[in-house]
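Working notes, structure below.
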Amino acid sequence: MTKAFGTTKHGGTLRFALDTKLMNLDPTGRITFADFHVISTMYDTLFEIDHNMQIQPGLVERWEIASDRSYKMFLRKNVRFHDGTLLTTEQVVWSLQYFRRVSLPIENIEVVDNHTFIIHLRYPYAPLLSQLASMAGLILSPKKTVLQGEKGAPSDIFVGTGPFQFIERTNEGVILKRNEHYWDVDEYSLPLPYIDRIEMPYYETGSQMLSQLRKGKLSLINEVPYSQVPQLADNKEIDYRGIAGNSFNGVRLNTERFPFSKKSLRQAFAYAFDREEMLQKINLGVGFPSHGPLPPGSWAYDPSFRPYTRNPEKVKELLAEAGYPNGFEFTIYVKSQEMFEMINFMAKHLQSYGIKMNIEVKDLSEFLNALVTRNYEAIFLGAAGGTDPDDLMYSLFHSKGSGNHTGYRNAEVDRLLEMARNELIQERRVELYRRAQAIIVDDSPFIFTRSGLSMIAKRKNIHHVSPHPDIAIRWKRIWINPNEKEICE
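Mapping to numbering that gives the first Met the number 0: the sequence shown position 49 is 48, numbers consecutive.
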């Protein structure tokens, strides 16, 4: 057995909090962060991202770049799905075809043998490996899982090869068990994952999660209320860690509907409040002021980029230019009352210019439906991406982006984002993304407010888990020290 500090690493139950009930476990569908966390335990990707955010082998053991449009990949052998089926190129091809809606520019996939295939691209595509280390690279079996307690009926869940296997979902949460036949091993060639079982109960707020963590009812959370962060620094039983993330919060504006079909009114909103003041007063300094879609966790981040600061005269000028010198009225949708402080901060500043913000709380289903159908004027919703700026920039701001729910269109932005995809030299990509960012922020389809931290808080007997800029938790190496304080029942 694997030893560490006088104990075995294998065994135990991890309790991790989800912020909502599951909505969808089909990785190609519309998913929440809760869905994402569950999905990430059940499926492996072709590549992995390490602690330094570098690409590493996953289900693909090694690869060769034949040209800027062809990648030859060699699968690991003796990898099994949860139903015992061996992984071959057949399921890889099926999965990549199933994920075609993610817009990977794959021309075709050439099967060499059961464990070798070549991806031929329509054009050079720099983010390919990072995409294959994220949702687009999840490998599924065409078969569906049969869950306990459902009378042997197939569920809506595809069979995976991941370190944990789905057992059941209830009104209280989700339960997963260790994949006893998982392919990966630790540095001593002992089997991963270490944990026997993961329980994921639902909690509505970060405050509830932290309370349960303090009581020992939870092992690990990744939402911590801003007001509680300073108090965790010297806590004897809880370990808190936070780093710059690849995420940002803000207000998405419907550019196809009045009032935000007018660029000058969008810009007036952007000039109406001070982001640093908001961060200090509302978020107690936890995080970073957000000024654009390249957050501090991104390798393309520009710390000198500060296009909008509070400017009352500019707000008045823009309102007059748009023909609304006395202000205007609009409605913003939110999905959580925890965001009210930030929303009210903006509302107070907007009100001083005659701009009235009406706030409506929507349940998750209504909220997401309004977003994807563009049936809103403004909606408060952030975004989180992976290791490559393309994840957020193209999705949110290209006219054909899958996450472009603001209706934003700018031909020059499209051109720059397409060039950045085709450019294989990272320094040149940085320049292209920064040029695109400047145009996007000037057009203001998105009012950037705050870039949060990627954070975790855990009981101190939980080991080998750290926050990552992409917010994903690396489950398979987490272990529990039974010689430290046990989780309470």
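Here a beta-carbon is modelled for each residue, glycine too, at the ideal position from N, C-alpha and C.
By the DSSP assignment, the alpha helix (DSSP H) with residue i in it spans what residues?
i: F344; result: 339-350
i: L370; result: 363-371
i: S39; result: 32-41
i: E426; result: 425-442
i: L128; result: 127-131
i: L317; result: 311-321
With which residues is residue i paired in a DSSP beta bridge?
i: E483; result: In the DSSP output, where bridge partners are listed per residue, E483 has none listed.
i: M199; result: V173
i: F241; result: A small fix is needed here, since residue 241 is Gly in this sequence, not Phe. Per DSSP, M454.
i: S56; result: Checking the sequence shown, residue 56 turns out to be Pro, not Ser. BP columns for P56 point to F46.
i: S66; result: S69
i: V110; result: F116
i: E328; result: K355
i: S474; result: The sequence given here has Trp at residue 474, not Ser. None, per the DSSP bridge assignment.
i: F257; result: F257 pairs with nothing; no bridge assigned.
i: A383; result: S246
i: F447; result: G249
i: I281; result: According to DSSP, which records beta bridges pairwise, I281 is partnered with nothing at all.
i: V464; result: V464 pairs with nothing; no bridge assigned.
i: P190; result: V184
For the beta strand (DSSP E) that residue i lies in, which residues bound it at each end?
i: W182; result: W182 -> no beta strand (DSSP E), and no H or E assigned at all.
i: S246; result: 246-252
i: A377; result: 377-379
i: L212; result: Looking at the DSSP string, L212 is not in any beta strand (DSSP E); the run it does join, the alpha helix (DSSP H), is 205-214.
i: R29; result: Taken as a continuous stretch (DSSP letters only), R29 belongs to no beta strand (DSSP E), as it is neither H nor E.
i: R565; result: Since the first and last residues shown for the chain are 0 and 488, residue 565 lies out of range.
In chain order, what residues of the same chain lie with their CB nearer than 7 Å to the CB of residue i, ignoring the 5 residues before and after it?
i: E488; result: Below a pLDDT of 50, predicted positions are generally treated as unreliable, and E488, at 38, falls in that range; no measurement from the model is reported.
i: G451; result: G244, S246, N248, G286
i: P288; result: R274, E275, L278, R449
i: L318; result: A267, P324, G326, Y352
i: G381; result: S246, F247, N248, G249
i: N310; result: Y270
i: M67; result: Here residue 67 turns out to be Asp, not Met, going by the sequence shown. These residues qualify, in order along the chain: P123, L423.
i: G161; result: T40, M41, Y42, D43, N178
i: Y432; result: L293, A299, P388, M392, A419
What number of angstroms, rounded off, separates the C-alpha of residue i from the C-alpha of residue j?
i: P444; j: Q227; result: 33 Å
i: F35; j: T44; result: 13 Å
i: S39; j: P468; result: 16 Å
i: E359; j: A377; result: 10 Å
i: I424; j: R473; result: 29 Å
i: F15; j: I197; result: 7 Å
i: N234; j: F366; result: 37 Å
i: T372; j: R79; result: 40 Å
i: F4; j: Y193; result: Residue placement at F4 is flagged as unreliable, the pLDDT there being 44, under the threshold of 50; the coordinate-derived value follows with that caveat. Rounded to whole angstroms, F4 to Y193 spans 15 Å at the Cα level.
i: V494; j: L293; result: The question about residue 494 has no answer, for the chain in this structure spans 0 to 488.
i: P302; j: D82; result: 49 Å
i: E109; j: T87; result: 13 Å
i: A125; j: R256; result: 35 Å
i: L103; j: G406; result: 22 Å
i: D387; j: L95; result: 19 Å
i: V111; j: L217; result: 47 Å
i: E340; j: N107; result: 50 Å
i: L139; j: D18; result: 25 Å
i: H290; j: Q436; result: 10 Å
For residue i, which residues from the same chain have a beta carbon less than 8 Å from its beta carbon, with the 5 sequence-adjacent residues on both sides left out?
i: G148; result: Any reading at G148 must be qualified, since the residue scores a pLDDT of 42, below 50, and its modelled position is unreliable; no value is offered.
i: E485; result: Low per-residue confidence applies at E485: pLDDT is 49, beneath 50, and the placement is therefore not dependable, though the value from the model is reported in the following sentence. Hits under 8 Å: G215, N460.
i: A501; result: With the chain represented from 0 up to 488, any question about residue 501 goes unanswered, as that position is not in the structure.
i: G10; result: Y193, I194, D195, I479, P481
Would DSSP call residue i helix, strand or coil?
i: Q164; result: strand
i: V412; result: helix
i: F225; result: A quick correction: the sequence has Tyr, not Phe, at residue 225. Y225: helix per DSSP, three-state reduction.
i: W93; result: helix
i: F396; result: helix
i: F272; result: coil
i: F157; result: strand
i: T88; result: helix
i: F287; result: strand
i: L21; result: coil
i: R265; result: helix
i: L74; result: strand
i: R420; result: helix
i: L219; result: strand
i: K150; result: With a pLDDT of 44 at K150, under the threshold of 50, the modelled position of that residue is not reliable, and the figure given next carries that caveat. Three-state result, K150: coil.
Run the proximity test for residue i: is its beta-carbon closer than 7 Å to any non-hydrogen atom belonging to the ligand ADP?
i: K315; result: With respect to the ligand ADP, the structure offers nothing, as it holds no ligand at all.
Near residue i, which residues of its chain fall below 6 Å by C-beta distance, leaving aside the five closest residues on each side in sequence?
i: K457; result: L219, D238
i: A383; result: S246, I470
i: L137; result: P26, Y42, T44
i: G172; result: M199, P200, Y201
i: P258; result: L264, F327, F329
i: G552; result: An answer regarding residue 552 cannot be provided, because it is not within the stretch 0 to 488 covered by the chain.
i: F32; result: none
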